[in-house]
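What follows is a single structure, written as structure tokens, with notes after it.
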Amino acid sequence: MLAKSNDRKKHMKRCDIVILNGQAVLPGIGPVRMDLGIRDGKIAAMSEKLDAQDGDEVIDARNLHILPGAVDSHFHVGIYRPHEADARTESASAVSGGVTTILSYFRTGRNYLNKSGPYKEIFPELLALSDGNFWCDYGYHIAPMTASQLDEVDWLVEQGVASFKFYMFYKGLNLSADSTHGKDYTMAENYDLGHLYELMARVAESATARKQRISLSLHCENPELIRVFMERVRKQGLTGLKAYSEARPPLTEGLSIEEATVLANATFCPVNFLHLSSRVAIETAIAVRRRYPERDMILETTLHHLALNYATAGDNHGKVNPPIRSQDDQDALWRALRDGEVDTVVSDHACCMEEMKAGDMWSAMPGFGGTSLLYPVLLSEGVRKRGLSLNRAVELASTNPARKFGLHPRKGAIAIGSDADLALFNLENMQVVKPAGLHSAQPYTPFNGIELAAGPVTTILRGHVVFRNGEVLEAPQGRFIKRPVASQSSGEEFKASASGQRSS
Ligand SMILES: [Zn+2]
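In the numbering used here, the protein residues as written are 22 to 525.
Written out as structure tokens, the structure reads:
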């Protein structure tokens with residue numbers, strides 16, 4: 022590596038890698054036949070014709086489409102397993118599907134590190150556990166759970182956290198006398214709409230002061246209604262994914278979106294409506310965005326709500342919050358996505374082991390992995406089956422999440438100076454999904470047996486080939502990306518890249 026970089030100084034035009042004969046899918050434009058040159062981890066040349074001699078390594082992309090690496094902006098690294106191990110296996114799964122950046126949610130309380138305290142202590146610990154364990158680049162969205170953590174919002178932004186989270190369905194958990202669902206879970210005193218209002222005010226203040234998109238993500242389901250519907254469904258002795266959907270019906274999503282919107286409008290807080298799962302949820306979110314066009318709101322859905330319904334997603338293993346819905350809900354999400362109303366598509370990846378799915382529908386833990394199917398779902402279910410443009414698929418999985426979460430134009434772009442994060446797909450290739458193909462620690466998948474577009478032939482992270490011909494390569498090269506990248510000085514970037522050499 023050292024010899025190569027000295028050599029590079031003598032021949033500044035020489036590239037580390039040239040990618041010849043491919044179709045690059047340029048966000049906002051679409052596929053363009055071009056050759057790409059990568060130098061020092063960045064895209065350094067985009068040309069009609071580059072020479073094989075221009076690069077130390079040549080990748081022939083004949084018959085391949087070159088997509089910007091996906092930015093999977095909804096992930097749960099370490100929710101159920103030790104953080105380091107989960108980061109290793111699940112970021113490997115990510116790169117095997119063409120995901121080159123993960124933005125993962127983290128909170129104090131039950132699961133994750135299973136403790137509470139100041140983020141000034143816990144966030145550095147989280148970064149230390151992450152360091153050297155990711156195959157892709159990564160960042161964190163943080164959920165302030167306690168009153169004192171609210172005062173850490175600004176400090177967290179300084180650390181490179183450009184987005185936060187509130188869980189509408191934990192509201193009132195602190196009021197429960199039941200210690201399995203009480204404040205033991207959130208480890209917080211007043212996790213309610215009052216807390217949400219205070220959090221939104223602080224996030225909005227930080228966004229205004231920095232003139233950057235600092236935002237709050239919202240898990241919209243309502244716990245008071247879930248309690249009532251859950252009782253009804255259990256009394257009737259129903260089980261299965263359809264029953265689970267009825268126990269947490271779309272109405273609860275609609276109500277939560279409306280509640281959160283009242284507060285977002287009052288505080289000017291930019292918000293992200295996460296994992297909209299149903300016709301009611303997507304239609305409500307579209308309506309509130311129309312009602313307040315001057316507010317900054319983005320709409321997210323997941324690949325499992327797009328690709329599965331409760332008749333196709335199997336048993337307990339497909340349990341997730343919000344639940345997998347009906348075919349009609351699935352159709353409504355695709356329609357909104359086609360109409361341009363959906364901004365981002367994500368995996369909401371949470372590696373949940375077999376033993377956690379044991380028992381019945383009510384005792385099984387929610388969530389499952391799917392990050393490596395993010396591009397495959399969009400390419401086959403979207404582009405192939407429903408006429409979505411390639412450009413739109415790339416926007417949903419890469420450019421939009423990069424823009425909305427402070428990573429653009431370093432990520433989510435194929436442009437001179439952007440990170441060389443690329444995924445090379447043969448769009449003719451198909452796969453029948455099997456757990457082994459996901460490169461995850463999770464031994465099952467609710468997508469089992471579904472035919473989708475195949476994953477990438479090659480994934481490149483900042484100029485390193487990290488996945489090729491079905492294998493994850495090299496040592497983990499992923500780095501923590503401070504967001505918003507626009508506010509980070511180039512000096513800091515240089516420092517970050519110099520320290521990154523240490524592990525390689
Ligand atoms: Zn989630």
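In this text, a Cβ means the ideal position worked out from N, Cα and C, and glycines have one as well.
Closer than 7 Å: residue i CB and nearest ligand 1 heavy atom
i	result
Tyr101	no
Tyr126	yes
His104	no
Asp369	yes
Lys97	Inspection of the sequence shows that residue 97 is occupied by His rather than by Lys. Yes, Cβ of His97 sits closer than 7 Å to a heavy atom of ligand 1.
His296	yes
Test item: CB-CB of residue i and residue j under 8 Å
i	j	result
Gly90	Phe446	no
Ala308	Leu320	no
Ala285	Arg316	yes
Phe96	Tyr133	no
Cys157	Ala183	no
Ile345	Ala357	no
Gly484	Ala441	yes
Leu41	Ala73	yes
Glu173	Pro139	yes
Pro430	Ser439	yes
Gly258	Met382	no
Val478	Val487	no
Ala264	Val249	no
Leu354	Ile303	yes
Met386	Cys372	no
Val301	Leu394	no
Asp213	Lys192	yes
Pro48	Glu495	no
Pro343	Glu242	yes
Selected residue, minimal CA-CA separation from residue i, among the options
i	options	result
His240	Thr273, Tyr265 and Ser266	Thr273
His370	Leu41, Ser94, Ile64 and Asn490	Ser94
Gly403	Met382, Arg359, Val367 and Cys373	Arg359
Glu472	Pro456, Glu492, Met451 and Pro165	Met451
Glu226	Ser266, Asp205 and Pro291	Pro291
Met67	Pro52, Ile80, Ile435 and Glu280	Ile435
Asn469	Gln463, Pro456, Thr480 and Gly476	Pro456
Lys63	Glu495, Thr229, Leu482 and His104	Leu482
Val367	Ser384, Ser347, Ala328 and Tyr212	Ala328
Pro422	Ser298, Val92, Val341 and His104	Val92
Tyr313	Leu297, Phe289 and Ala332	Phe289
Trp188	Ala379, Tyr331 and Ala281	Here the sequence assigns Tyr to residue 188, which means Trp is not the residue at that position. Closest option to Tyr188, Cα to Cα, is Ala281.
Ile80	Ala106, Pro52, Gly43 and Leu47	Gly43
Pro464	Gly391, Gly361, Asp75 and Ala168	Gly391
Ala462	Ala106, Pro48 and Leu214	Ala106
Asn293	Ala332, Ser238, Glu252 and Thr122	Ser238
Arg60	Asp37, Arg223, Arg131 and Gly160	Asp37
His162	Ser236, Leu57, Arg489 and Arg223	Ser236
Pro52	Leu459, Leu448 and Phe501	Leu448
Ser299	Asn330, Arg310, Val283 and Met318	Asn330
Glu78	His86, Gly58, Glu69 and Leu85	Gly58
Supposed close pair residue i, residue j - CB separation, criterion 8 Å
i	j	result
Pro165	Leu220	6 Å
Leu339	Pro467	The sequence shown places Gly at residue 339, not Leu. Between Pro467 and Gly339 the Cβ distance is about 4 Å, and since that is below 8 Å, they are a contact.
Tyr101	Met377	6 Å
Asp364	Lys425	7 Å
Gly499	Phe190	Going by Cβ atoms, the distance from Gly499 to Phe190 rounds to 31 Å, so no, they are not a contact pair.
Val39	Leu71	5 Å
Gly99	Ala108	7 Å
Leu295	Leu246	No, Leu295 and Leu246 are not in contact; Cβ-Cβ is about 18 Å, not under 8 Å.
Leu148	His104	Not confirmed; about 10 Å, so no contact.
Gly388	Val341	5 Å
Arg405	Ala474	7 Å
Ile128	Gly427	What sits at residue 128 in the sequence shown is Arg, not Ile. Not quite, the Cβ-Cβ distance comes to about 20 Å (not below 8 Å), so this is no contact.
* Can we say the stretch 395-403 touches the stretch 320-336, given the rule of at least three CB pairs closer than 8 Å? -> yes
* Between the stretch 168-186 and the stretch 491-506, do three or more beta carbon pairs fall short of 8 Å? -> yes
* Kindly confirm or deny that the stretch 407-417 and the stretch 130-149 touch, where touching means at least three C-beta pairs closer than 8 Å. => no
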